[in-house]
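K.L.:
All you need for the working numbering is the position in the first sequence, starting with 1, plus 27.
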Amino acid sequence: MIDPRLLAEDFEQTARRLARKGVDRQLLESAREAAAARRAAIVATDEARRELNSGSAEVGRLVREGRADLAEARRAELAAAGGRLAALESERRRAEESFDDLIARIPNLPDDLVPDGSSEEDNRVVRVEGYDAGAFEGRGLRPHWEVAEALGIMDTERAAKLSGAMFEVLRGGGARLLRGLVNFGLDLHRDRYEETVVPHMVRTEVIERTGHLTKFDTQAYRLRDDELWLLPTAEVALMGLPQGEILAEGDLPKRSMAYSVCWRREAGAAGRETRGMQRLHEFHKVELVSLCTPETSQDELQSLLADCEATLRVLGLPYRVVELCAGDLTFSSSRVYDLEVYAPGTGRWLEVSSVSLITDFQARRGGIRFRRAGSGTVELVHSLNGSGLATPRVWAAIVEHGQQPDGTIRLPEALVPYVGTELITG
RNA sequence: GGAGGGAUGCGAGAGCGGCCGAAUCGGACGGUCUCGAAAACCGUUGUGCCCCAUGGGCACCGUGGGUUCAAAUCCCACUCCCUCCGCCA
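Next up, the structure:
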């Protein structure tokens, strides 16, 4: 949620900045009106309550002084005042609900550094690393699903028998490759990020406050008999951890990571680039998150980007860094770099990490704050997240890059100790 | 799953329905003293919201309801924690 003060104090500039994300000015005006109505309702109830409070104190005094008749008279007056207060309070509740509803629909402000644009088309390729277009031509490279099915390390048919579309079963070397990747990812980042094992199911309020559960976001799976949700990403658990707490400035930046299974309903994505390991309902990921001070968050974004890139670099996979334009940013983010790995079997760039600066947007809703060392004042932290290693697509890229003419798969050197072989043969 | 006990400020821990945003101790911070430190003594020490804003008001004692002129204190529901029993990786 954005700072509500912006609506009252800096409306025009806020509207201009949000327009870059395609936010309708009408929504902001409604929110501003709702904020004013809410404030008026607060003033009215506070005043009514003040009268009631001082009246009650007076009754207490009279009772103590033994003047029961006066106390009784005053009590009767206050009973009536109590009725008026109740009416004001229900009005206040209505005002707050309508304000909450509107403010929740306003996305985070895009960073001024973010390029203009309305869609994916306008995203800017910042850098391309390790990619040589000529290197893949004429080699007859096949998509990973063909290579993997032929080798018997992936079984889409039987996965469907178990669970339906957009699930995978991995066997033998394919399964070991997945496990090796996860361990590799955790080891690669363990010096800078605290390794954490988190529950894979979280309460409604936790997922709500991370911004991963809204009226428009039906991505997460919900358990039928308990008020719990399956993680769509470990970010939800890692960001849920400090919710409602006040951290010491000295503890920032606070960097942590978690491996988890991730579940996503992917509603509406059926049939779109879903073959093989491109898009699954269930996948494995090492997620990196960081909490930091507002003045360091841009630097922190760059260092998080560097850490996520390191994964692809060490694996020797060609990739590009794409900066999202204002219109393609997600609801909560103010600046995002996507890392896309090149998959030569399909000739596609696959998104394997979204390195996001959320500024204080997520911290405000989650109540994640820190105390300044000098002044002792309390402020919201900035939060960031990115995938340190997202298995399905990195797995796919490794299969496509490593495929040999005889159908086996040669692994990147860095993975050999983790998988226990240089060559996957089945 | 069954039976009990509990949830208060940074921590521990008090709190007859009114004088309780909350005793006391500890911690932290500032000061006095000291060459410096310790000790001692003095002081400060929650968060949010609102306003006619060097001041004032409102809310918050696990969460949500209720009773009452008035709730940390009474009632109801829920959540979590602890102990014991059962079950279990």
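Every residue, glycine too, gets a C-beta built ideally from N, C-alpha and C.
Could you check whether the segment 63 to 81 touches the segment 115 to 127, counting it as contact only if at least three pairs of C-beta atoms, one from each stretch, sit closer than 8 Å?
P.N.:
yes
K.L.:
In whole angstroms, give me the CA-to-CA distance for arginine 43 and aspartate 37.
P.N.:
To locate residue 43, count along the first sequence from 1; it is residue 16. To locate residue 37, count along the first sequence from 1; it is residue 10. Looking at the two C-alpha atoms, the distance is approximately 10 Å.
K.L.:
Can you tell me whether glutamine 40 is buried or exposed, with buried defined as 16 or more other CB within 10 angstroms of its CB?
P.N.:
By one-based count along the first sequence, residue 40 stands at place 13. The residue is exposed, with fewer than 16 neighbouring Cβ atoms inside 10 Å.
K.L.:
Compute the Euclidean distance between the alpha carbons of alanine 95 and arginine 102, then round it to the nearest angstrom.
P.N.:
In the first sequence, counting from the first residue as 1, residue 95 sits at position 68. In the first sequence, counting from the first residue as 1, residue 102 sits at position 75. In a straight line, the C-alpha of alanine 95 is about 10 Å away from that of arginine 102.
K.L.:
Spatial neighbours of arginine 203 within its chain, please: CB distance less than 6 Å, with the 5 preceding and 5 following residues excluded, ordered by chain position.
P.N.:
The residue given as residue 203 occupies position 176 in the first sequence. These residues qualify, in order along the chain: Val446.
K.L.:
With valine 426 as the anchor, note down where its alpha helix (DSSP H) starts and where it stops.
P.N.:
Taking the first residue of the first sequence as position 1, residue 426 is located at position 399. In the DSSP assignment, valine 426 falls within the unbroken alpha helix (DSSP H) covering 418 to 429.
K.L.:
Is histidine 311 helix, strand or coil when you go by DSSP?
P.N.:
Your numbering for residue 311 matches position 284 in the first sequence. It is a strand residue.
K.L.:
Near aspartate 182, what residues of its chain come up, given a Cβ to Cβ distance below 8 Å and the 5 sequence neighbours on each side ignored?
P.N.:
Along the first sequence, read from residue 1 onward, the residue named residue 182 stands at position 155. So the qualifying residues of the chain are Glu176, Glu195, Val196, Leu197 and Arg198.
K.L.:
Using the Cα positions of arginine 292 and alanine 264, report the straight-line distance between them to the nearest angstrom.
P.N.:
For this step, residue 292 is matched to residue 265 along the first sequence. For this step, residue 264 is matched to residue 237 along the first sequence. The straight-line gap from Cα to Cα measures roughly 18 Å.
K.L.:
For the 8 Å Cβ check, are there 3 or more pairs between the segment 341 to 356 and the segment 397 to 406?
P.N.:
no
K.L.:
For the alpha helix (DSSP H) that contains methionine 304, what are its first and last residues?
P.N.:
Taking the first residue of the first sequence as 1, we reach residue 304 at position 277. Here methionine 304 belongs to no alpha helix (DSSP H), and DSSP marks it neither H nor E.
K.L.:
Tell me, please, which residues DSSP counts as bridged to serine 383.
P.N.:
As a first step, residue 383 must be located in the first sequence, where it is residue number 356. Answer is Val363 and Asn412, bridged to serine 383.
K.L.:
Let's see if you can read the secondary structure: which residues bound the beta strand (DSSP E) around threonine 223?
P.N.:
As a working mapping, residue 223 is identified with position 196 in the first sequence. Per DSSP, threonine 223 belongs to the beta strand (DSSP E) from 221 to 223.
K.L.:
To which residues of the same chain is arginine 169 closer than 7 Å at the C-beta, ignoring the five residues directly before and after it?
P.N.:
Start at 1 with the first residue of the first sequence, and residue 169 comes out as number 142. Closer than 7 Å at Cβ, skipping near neighbours: Gly372 and Gln430.
K.L.:
Just to confirm the assignment, what range does the alpha helix (DSSP H) spanning cysteine 352 have?
P.N.:
Here residue 352 refers to the residue found at position 325 when the first sequence is read from its first residue. Unbroken run through cysteine 352: none, as it is neither H nor E.
K.L.:
So, helix, strand or coil for glycine 266, using DSSP?
P.N.:
Here the question's residue 266 lines up with position 239 in the first sequence. Inspection of the sequence shows that residue 266 is occupied by methionine rather than by glycine. Looking at methionine 266 - three-state DSSP - the assignment turns out to be helix.
K.L.:
Check each candidate in Val288, Leu115, Gly157 and Gln389 and name the one with the smallest Cα separation from serine 317.
P.N.:
Taking the first residue of the first sequence as 1, we reach residue 317 at position 290. Selected option, being the one with the closest Cα: Gln389.
K.L.:
What ranges does the beta strand (DSSP E) occupy inside the segment 135 to 199, keeping only unbroken runs of at least 3 residues that lie completely in it?
P.N.:
151 to 156
K.L.:
Round the Cβ separation of leucine 54 and arginine 132 to the nearest angstrom and send it over; I've been treating them as touching at under 8 Å.
P.N.:
Translated into positions along the first sequence, residue 54 becomes position 27. Translated into positions along the first sequence, residue 132 becomes position 105. The pair is a contact, with the Cβ atoms about 6 Å apart (cut-off 8 Å).
K.L.:
State buried or exposed for threonine 404, treating a residue as buried only when at least 16 other CB atoms are found within 10 Å of its CB.
P.N.:
As a working mapping, residue 404 is identified with position 377 in the first sequence. Burial call: exposed.
K.L.:
Does the beta-carbon of isoleucine 273 have 16 or more other beta-carbons within 10 angstroms, so that it is buried, or is it exposed?
P.N.:
Taking the first residue of the first sequence as position 1, residue 273 is located at position 246. With a threshold of 16 other beta carbon atoms within 10 Å, isoleucine 273 falls short and is exposed.
K.L.:
Could you tell me how far apart the beta carbons of lysine 48 and proline 142 are, in whole angstroms, since I believe they sit closer than 8 Å?
P.N.:
To locate residue 48, count along the first sequence from 1; it is residue 21. To locate residue 142, count along the first sequence from 1; it is residue 115. That pair is no contact at about 12 Å.
K.L.:
Would DSSP call valine 50 helix, strand or coil?
P.N.:
Start at 1 with the first residue of the first sequence, and residue 50 comes out as number 23. Coil at valine 50, not helix or strand.
K.L.:
So who's on the other strand from methionine 284, going by DSSP bridges?
P.N.:
The residue given as residue 284 occupies position 257 in the first sequence. The partner list for methionine 284 (beta bridge, DSSP) reads Glu222 and Leu315.
K.L.:
Buried or exposed: where does aspartate 139 fall if 16 or more other Cβ atoms within 10 Å of its Cβ makes it buried?
P.N.:
Within the first sequence, numbered from 1, the residue matching residue 139 stands at position 112. Answer is exposed; the Cβ neighbour count stays below 16.
K.L.:
Starting from the N-terminal side, write out each stretch of the beta strand (DSSP E) that is 3 residues or longer and does not extend beyond the segment 54 to 122.
P.N.:
Counting only runs of 3 or more, we get nothing.
K.L.:
What does a CB cutoff of less than 6 Å around proline 134 pick up in its chain, not counting 5 residues either side in sequence?
P.N.:
Here residue 134 is taken as the residue at index 107 of the first sequence, counted from 1. Cβ within range, chain order: Lys48 and Phe358.
K.L.:
Quick one: Cα of threonine 435 to Cα of leucine 450, how far?
P.N.:
Start at 1 with the first residue of the first sequence, and residue 435 comes out as number 408. Start at 1 with the first residue of the first sequence, and residue 450 comes out as number 423. Taking the straight line joining both Cα atoms gives about 7 Å.
K.L.:
Would you list the one or two residues that DSSP bridges to phenylalanine 397?
P.N.:
Translated into the one-based positions of the first sequence, residue 397 becomes position 370. In DSSP, phenylalanine 397 forms a bridge with Leu274 and Glu406.
K.L.:
When you compare only the Cα positions, how much space is there between methionine 304 and phenylalanine 310?
P.N.:
Translated into positions along the first sequence, residue 304 becomes position 277. Translated into positions along the first sequence, residue 310 becomes position 283. Straight-line Cα distance between these residues: approximately 9 Å.
K.L.:
Tell me the residue span of the alpha helix (DSSP H) that contains arginine 32.
P.N.:
One-based indexing of the first sequence puts residue 32 at position 5. Taken as a continuous stretch (DSSP letters only), the alpha helix (DSSP H) holding arginine 32 covers 32 to 36.
K.L.:
Pairing CB atoms from the segment 372 to 387 with CB atoms from the segment 417 to 430, are three or more of them under 8 Å?
P.N.:
Under the three-pair Cβ rule at 8 Å, the segment 372 to 387 counts as touching the segment 417 to 430.
K.L.:
From the DSSP output, which residues share a beta bridge with isoleucine 451?
P.N.:
As a working mapping, residue 451 is identified with position 424 in the first sequence. Ile436.
K.L.:
Using a Cβ-Cβ cut-off of 7 Å (strictly less than) and excluding sequence neighbours within five positions of glutamate 327, which residues of its own chain qualify?
P.N.:
Within the first sequence, numbered from 1, the residue matching residue 327 stands at position 300. So the list reads Pro280, Ser317, Cys319 and Leu411, once near-sequence residues are dropped.
K.L.:
If you follow the alpha helix (DSSP H) that leucine 328 is in, where does it begin and where does it stop?
P.N.:
What you label residue 328 is simply residue 301 of the first sequence in a count that begins at 1. Counting along the chain, leucine 328 sits inside the alpha helix (DSSP H) bounded by residues 324 to 341.
K.L.:
Going straight from the alpha carbon of alanine 63 to that of serine 360, what length do you get?
P.N.:
Working through the first sequence from its first residue, we reach residue 63 at position 36. Working through the first sequence from its first residue, we reach residue 360 at position 333. Put simply, the backbone Cα of alanine 63 is about 27 Å away from that of serine 360.
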